[in-house]
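Below is one structure, written out as structure tokens; the observations come after it.
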Amino acid sequence: FSAVDVIRAKRDGLRLSDEQIDWVVAAYTRGDVADEQMSALAMAVLLRGMTPEEVSRWTAAMVASGETLALGDVRRPTVDKHSTGGVGDKITLPLAPLVAACGAAVPQLSGRGLGHTGGTLDKMESIPGWRSTLSAQEIRDQLDAVGAVICAATEGLAPADRKLYALRDVTGTVESIPLIASSIMSKKIAEGVQSLVLDVKCGSGAFMEDLDRARELADALVSIGTANGLRTSALITDMSVPLGRAVGNALEVAESVEVLRGGGPPDVVELVVELSREMLHHAGVSDVDPAEALADGRAHDAWCRMVSAQGGDPEAELPRAEHVTTITASDSGTLTRLDAYEVGIAAWRLGAGRARKEDAVDHAAGVVCLAKPGEQVTAGQPLLELHTDRPHTLAQVEEALAGACEISGADVVSTPLILDKVT
Ligand code: URA
Numbered sequence: 002f003s004a005v006d007v008i009r010a011k012r013d014g015l016r017l018s019d020e021q022i023d024w025v026v027a028a029y030t031r032g033d034v035a036d037e038q039m040s041a042l043a044m045a046v047l048l049r050g051m052t053p054e055e056v057s058r059w060t061a062a063m064v065a066s067g068e069t070l071a072l073g074d075v076r077r078p079t080v081d082k083h084s085t086g087g088v089g090d091k092i093t094l095p096l097a098p099l100v101a102a103c104g105a106a107v108p109q110l111s112g113r114g115l116g117h118t119g120g121t122l123d124k125m126e127s128i129p130g131w132r133s134t135l136s137a138q139e140i141r142d143q144l145d146a147v148g149a150v151i152c153a154a155t156e157g158l159a160p161a162d163r164k165l166y167a168l169r170d171v172t173g174t175v176e177s178i179p180l181i182a183s184s185i186m187s188k189k190i191a192e193g194v195q196s197l198v199l200d201v202k203c204g205s206g207a208f209m210e211d212l213d214r215a216r217e218l219a220d221a222l223v224s225i226g227t228a229n230g231l232r233t234s235a236l237i238t239d240m241s242v243p244l245g246r247a248v249g250n251a252l253e254v255a256e257s258v259e260v261l262r263g264g265g266p267p268d269v270v271e272l273v274v275e276l277s278r279e280m281l282h283h284a285g286v287s288d289v290d291p292a293e294a295l296a297d298g299r300a301h302d303a304w305c306r307m308v309s310a311q312g313g314d315p316e317a318e319l320p321r322a323e324h325v326t327t328i329t330a331s332d333s334g335t336l337t338r339l340d341a342y343e344v345g346i347a348a349w350r351l352g353a354g355r356a357r358k359e360d361a362v363d364h365a366a367g368v369v370c371l372a373k374p375g376e377q378v379t380a381g382q383p384l385l386e387l388h389t390d391r392p393h394t395l396a397q398v399e400e401a402l403a404g405a406c407e408i409s410g411a412d413v414v415s416t417p418l419i420l421d422k423v424t
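Residues are numbered in the UniProt record's numbering as their position in the sequence shown, beginning at 1, plus a constant of 1.
Take a look at the structure:
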């Protein structure tokens with residue numbers, strides 16, 4: 002094979018053969034196909050697309066580029082959830098222990114945040130003592146003992162994706178549905194779970210801003226999962242408004258603990274319960290009601306065991322920011338808009354996110370949404386609380402947030418949180 006022939010074939014809109022796909026992915030991982038050749042191919046894929054069969058094969062080739070986490074010995078059915086990322090999306094934190102408390106095993110291999118969406122590991126690292134790096138054996142032992150693990154993906158999983166994602170990031174080729182879908186699914190398949198539920202976010206705070214694109218991504222993800230032997234389904238959920246009230250690492254941990262104690266914001270509770278029902282359905286656990294496991298403390302017990310197993314102290318105080326200021330309502334009326342993207346950017350600037358991979362995050366920084374769309378507000382009432390240890394960012398963030406909220410005399414028609422389901 003030659004890389005130039007493969008690039009030309011895709012450039013001219015041809016379907017790549019299984020052998021071409023296997024070869025180019027393996028050769029790129031080894032370093033025998035150069036970055037400039039792979040970026041030309043990625044651009045050709047972005048412009049020409051791939052058939053479902055090509056995407057499925059491409060994904061399998063990325064899985065085969067590294068090791069897989071053998072979960073066959075785990076004594077419970079294994080199921081995972083993946084979210085395409087959003088603002089205030091702390092769902093993994095309450096969800097993993099909840100599903101564990103109901104009898105399944107959840108190996109949640111997670112990442113760090115970049116840009117305006119947060120990363121699960123950054124959130125968990127606000128808990129004093131908590132450790133993100135576990136060996137494959139530690140993951141398996143914790144799945145048997147507790148049923149839930151949230152940890153960093155081990156280095157050896159889907160190395161082709163690690164390399165390709167970094168390349169796409171700097172070559173304008175992130176926004177290709179076949180490449181996004183194969184990237185996400187290669188990591189999940191390498192994880193070795195039996196089933197998977199995807200939460201495809203849609204709206205200003207998400208990768209996919211409109212419903213048609215979100216459906217297209219959900220279809221691609223489900224089709225790859227099914228073709229690779231995983232029971233897979235997807236919910237498409239709204240991300241035009243931040244999820245819950247807290248945006249920022251420690252703030253989101255605190256809100257997750259509220260949910261695990263049977264309280265918390267209704268949208269977070271709704272999504273956690275719906276996703277857990279879907280996961281338990283795939284896992285063949287039909288006799289447990291997750292809403293009850295949240296209400297009676299079983300999910301909270303599983304959380305405490307999960308955090309302690311990784312060295313964290315579930316009772317420890319979380320970091321708090323030195324500076325807390327509020328943004329108040331300019332008018333009285335109904336809050337009709339609270340833009341997820343703007344709030345995500347604000348939290349990021351206050352210190353909750355990072356600009357470059359190697360930057361540190363401030364665990365205490367973030368935004369608390371004191372009102373959500375649909376609520377009545379009066380002029381002067383605090384709408385947003387800004388938490389930061391970087392007070393020099395406040396003026397700019399306040400100015401940027403001015404356009405994030407809209408108050409009007411009209412009643413808002415509330416959009417549902419769960420927009421669609423793809424099986
Ligand atoms: N998340 C991933 O893991 N890969 C992508 O390509 C996009 C989002």
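Backbone N, C-alpha and C fix where the C-beta goes; we use that ideal spot for every residue, glycine too.
Just how far apart, CA to CA, sit residue i and residue j?
| i | j | result |
| --- | --- | --- |
| E256 | L96 | 13 angstroms |
| R141 | G14 | 44 angstroms |
| A356 | L144 | 34 angstroms |
| D162 | A347 | 30 angstroms |
| P266 | L158 | 35 angstroms |
| E259 | V344 | 21 angstroms |
| residue 1 | G410 | Outside the shown range of the chain (2 to 424) lies residue 1, about which nothing can therefore be said. |
| A330 | I408 | 8 angstroms |
| L180 | G249 | 29 angstroms |
| I225 | A182 | 8 angstroms |
| P98 | G148 | 7 angstroms |
| L110 | S333 | 44 angstroms |
| S177 | R350 | 28 angstroms |
| A303 | G104 | 11 angstroms |
| S133 | R9 | 42 angstroms |
| H83 | T337 | 29 angstroms |
| S205 | K189 | 26 angstroms |
| K164 | K91 | 27 angstroms |
| G352 | R31 | 37 angstroms |
| H393 | R246 | 24 angstroms |
| H390 | Q397 | The displayed chain sequence assigns Asp, not His, to residue 390. The straight-line gap from Cα to Cα measures roughly 15 angstroms. |
| E20 | E54 | 13 angstroms |
| S241 | E210 | 8 angstroms |
| A102 | V254 | 19 angstroms |
| T227 | L197 | 10 angstroms |
| T118 | G354 | 8 angstroms |
Relative to the ligand URA, is the shortest distance from any of its heavy atoms to the C-beta of residue i smaller than 7 angstroms?
| i | result |
| --- | --- |
| V175 | yes |
| L180 | yes |
| S66 | no |
| I140 | no |
| I185 | yes |
| Y29 | no |
| Y342 | no |
Please work out which residues of its chain come closer than 6 angstroms, Cβ to Cβ, to residue i, disregarding the five sequence neighbours upstream and downstream, and give them in chain order.
| i | result |
| --- | --- |
| A251 | S127, L319, P320, H364 and A365 |
| T85 | V201, K202 and F208 |
Measure the beta-carbon distance from residue i to residue j and round it to whole angstroms, keeping in mind my assumption that it falls under 8 angstroms.
| i | j | result |
| --- | --- | --- |
| P374 | Q195 | Not a contact, Cβ separation roughly 38 angstroms. |
| S187 | T327 | S187 to T327, Cβ: 44 angstroms. No contact. |
| T121 | A137 | Not confirmed; about 19 angstroms, so no contact. |
| residue 1 | D74 | Within the shown structure, residues of the chain are numbered from 2 to 424, placing residue 1 beyond reach of any answer. |
| V88 | A294 | Actually they are not in contact, since the Cβ atoms of V88 and A294 sit about 27 angstroms apart, beyond 8 angstroms. |
| E386 | V289 | Not confirmed; about 37 angstroms, so no contact. |
Using a Cβ-Cβ cutoff of less than 8 angstroms, which residues in the same chain neighbour residue i once the five nearest sequence positions on both sides are dropped?
| i | result |
| --- | --- |
| M44 | T172, G173 and T174 |
| residue 1 | Residue coverage of the chain in this structure runs from 2 to 424, which leaves residue 1 outside it and unanswerable. |
| A401 | E343, I346, A347 and R350 |
Please work out which residues of its chain come closer than 7 angstroms, Cβ to Cβ, to residue i, disregarding the five sequence neighbours upstream and downstream, and give them in chain order.
| i | result |
| --- | --- |
| D220 | V423 |
| D36 | L168 |
| A403 | none |
| R113 | G120, L122 and D123 |
| A71 | G193 |
| V56 | P179, A182, S183, A221 and I225 |
| D421 | R216 and I237 |
Is residue i close to chain B? Criterion is C-beta to C-beta, closer than 8 angstroms.
| i | result |
| --- | --- |
| P108 | In the displayed structure, chain B is absent; only one protein chain is listed. |
| said: Three Cβ pairs or more, each shorter than 8 angstroms: is that satisfied between the stretch 305–318 and the stretch 380–390? | reply: no
| message | Does the structure place the stretch 197–205 close enough to the stretch 231–249 that three or more beta carbon pairs sit under 8 angstroms? | response | yes
| Between the stretch 361–379 and the stretch 297–305, do at least 3 Cβ pairs fall closer than 8 angstroms? | no
| Is it a yes or a no for the stretch 58–73 touching the stretch 23–33, going by three-plus beta-carbon pairs under 8 angstroms? | yes
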